[in-house]
Every structure is written in C-alpha cells, then in structure tokens.
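Down below is the structure, laid out as structure tokens.
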Amino acid sequence: MKHSVRLILLGAPGAGKGTQAEKISAAANIPAISTGAIIREAIATGTEMGTLAKSYIERGALVPDEVVIGIIRDRLQADDCKDGFILDGFPRTVPQAEALDQMGVEITDVLSIEVSDERIVSRMGGRRVCKACGATYHVESNPSPAGDKCGICGEDLTIRKDDDPAVVQSRLTVYHEQTEPLKDFYAKKGLLKIVEGQEKLEDTTALTFAALGLN
Ligand code: ADP
Ligand code: ZN
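With this note's numbering applied, the sequence shown covers 194 to 408.
The structure is reproduced here in structure tokens:
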C-alpha cells in the first residue's frame, strides 16, 4: 500500500459500518476494530468488563467512555495496527475523540455513512448475527448462504437484544445527541467524507472505496 489508512467510520446504528469495515479491511489489508464486537465478546465470555457493559448495551445506552477508551488504547497497541486500521463504532462521543487525539493517534480519514432513521428502523428487524464467530447478516440485503445458520462457521444465527425496535429508537436518539456532533469535530479538521448509504450493499461499498481512493 502506498500510505497507511487510519480510518474512522461514523454512521447511525445499522447504517452498515460493520459490513463496509470488513470490505475495506480485506481490500486494504488492515484490521477492522469494532468496539461493539469486542464488548459483545466480553459479555459472552463473562469478563468483568462484559458484565459491566451488558446493562448499558441491552438498553441501547452507550458504555461509559473510560471503558471503551481503555479497550481502544489496548487494541491499538497490537502489532497488526502498525500499518493502519479501521475503527468501527469508536469514537462515539466527543470525549472519546479527544482521547484518541491525546493518545497521539493520527487519523487519516473519517467516513460517515448516512442512512435515514426510517430506513434504519426497517432494516434492523432483519439483522442476524452469529454468536459463535460474530459474523453479521441481513435476511434481505446480505443473507447467509447457509440460511438460518452461519455461512462461516455453521452455528445458529441470532437476533441481537439491542435490535429490538424500542431499543433501536433509543440508540438512534443517542446517535443524534452524542455521536453526530463528531461530524463537525472532524469536518473542522478537514477529515470528514460523506457517503450516502445505498439500497444495495455493493453500491455503498463502491462509493466507500471511491471516497477512500481504494479499488
Ligand atoms: P451498531 O453499529 O449497530 O450500533 P455496535 O456493535 O457498534 O452496533 O454497538 C453496539 C453497542 O455497543 C452500542 O449500542 C453501545 O452500547 C456499545 N458501544 C459500542 N461502541 C461504543 C463506544 N465507542 N462507546 C460507547 N458504547 C459503545
Ligand atoms: Zn459464525
């Protein structure tokens, strides 16, 4: 690669950040780091952090800043991050973004994937996740090749508790209040790029790659 990419993906819950993060990760050969996935794994294995985070996640609230900042600080030390990385779901608040600055992390691109609230609500009902390996699918837009089993590991697919419609509403409110101000934060640094989320996954991917100069 010509230069390293240290990318932040912004966007409402269900906007498709995770899916695009995986595509970029494969194309640019850099890790996609999802705080949501790290937290869900901690919940599944029952660590202390997981137990603390569980009550927040399940009601659609954000996990406290100091917890996720600690997760990211540790994760970015790993060897695989030295040539770049994609942050999916971090930062989600201005204090988290300030913490990244304080760690001396130099972000090269910030991409916001924009999808209307209405479309998010209708999409979330179809999301399915593999509890075993973390792969995510959508019954219509990104179905598992193995039906109601995971196409990667063959385990049963499940619906996340926080994809319940009432919880989705509170997550959208949290997004508008706490995360959307980050668009201004990064626009002021000249880093913000906007991608309109498309009906078809691959169309969004094409716009995302174009915005990042990947192909
Ligand atoms: P989505 O992108 O669909 O919102 P995530 O997997 O990114 O799903 O996040 C799920 C949940 O994990 C969030 O609703 C929140 O409770 C918690 N979480 C993830 N990242 C952060 C973060 N940076 N700060 C606070 N809470 C977080
Ligand atoms: Zn799986």
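Glycine included, every Cβ here is placed at the ideal spot set by N, Cα and C.
Treat the numbers as computed from the prediction; the structure is a model and nothing was measured.
Beta-carbon spacing of residue i, residue j below 8 angstroms
i      : j      : result
Asp258 : Thr301 : no
Leu200 : Leu280 : yes
Glu251 : Asp356 : no
Phe278 : Thr228 : no
Ala235 : Leu407 : no
Ala404 : Lys386 : yes
Ala246 : Val260 : yes
Arg321 : Tyr330 : yes
Ser363 : Gly253 : yes
CA-to-CA distance, residue j to residue i, given in whole angstroms
i      : j      : result
Leu293 : Val332 : 35 angstroms
Met194 : Thr351 : Unreliable placement is indicated for Met194, whose pLDDT of 45 sits below 50; the coordinate value is still reported in the next sentence. If I take the Cα positions, the gap works out to 37 angstroms.
Gln295 : Arg266 : 11 angstroms
Ala328 : Ala225 : 13 angstroms
Leu375 : Gly318 : 27 angstroms
Lys393 : Val198 : 25 angstroms
Asp272 : Ile223 : 11 angstroms
Gly390 : Thr397 : 5 angstroms
Ser337 : His196 : 34 angstroms
Ala325 : Thr366 : 30 angstroms
Val388 : Ala399 : 10 angstroms
Gly347 : Asn335 : 16 angstroms
Gly383 : Pro288 : 19 angstroms
Cys290 : Tyr379 : Strictly speaking, residue 290 in this sequence is Ala, with Cys absent from that position. Computed Cα separation, rounded: 9 angstroms.
Arg233 : Gly243 : 7 angstroms
Glu215 : Cys323 : 15 angstroms
Asp349 : Ala339 : 10 angstroms
Asp341 : Glu241 : 31 angstroms
Asp310 : Ile264 : 29 angstroms
Ser248 : Glu395 : 35 angstroms
Cys343 : Gly211 : 16 angstroms
Nearest-angstrom beta carbon gap, residue j and residue i [assumed within contact, 8 angstroms]
i      : j      : result
Ile306 : Gly209 : 6 angstroms
Gln213 : Thr372 : About 16 angstroms; that fails the 8 angstroms criterion.
Ile313 : Ala230 : Ile313 to Ala230, Cβ: 19 angstroms. No contact.
Leu203 : Leu269 : About 18 angstroms separates the two Cβ atoms, so there is no contact after all.
Selection from the options that minimises the alpha carbon distance to residue i
i      : options                : result
Ser218 : Thr240, Thr366, Asp276 : Asp276
Val298 : Asp310, Cys274, Gly383 : Cys274
Val308 : Tyr368, Ala339, Cys343 : Tyr368
Closer than 7 angstroms: residue i CB and nearest the ligand GDP heavy atom
i      : result
Asp302 : In the structure on display, the ligand GDP does not appear, and the ligands it does have are the ligand ADP and the ligand ZN.
Next on the checklist: I need the residues with a C-beta less than 6 angstroms from some heavy atom of the ligand ZN; please give them in chain order.
Outcome noted: Cys323, Ala325, Cys326, Ala328, Cys343, Ile345, Cys346, Glu348
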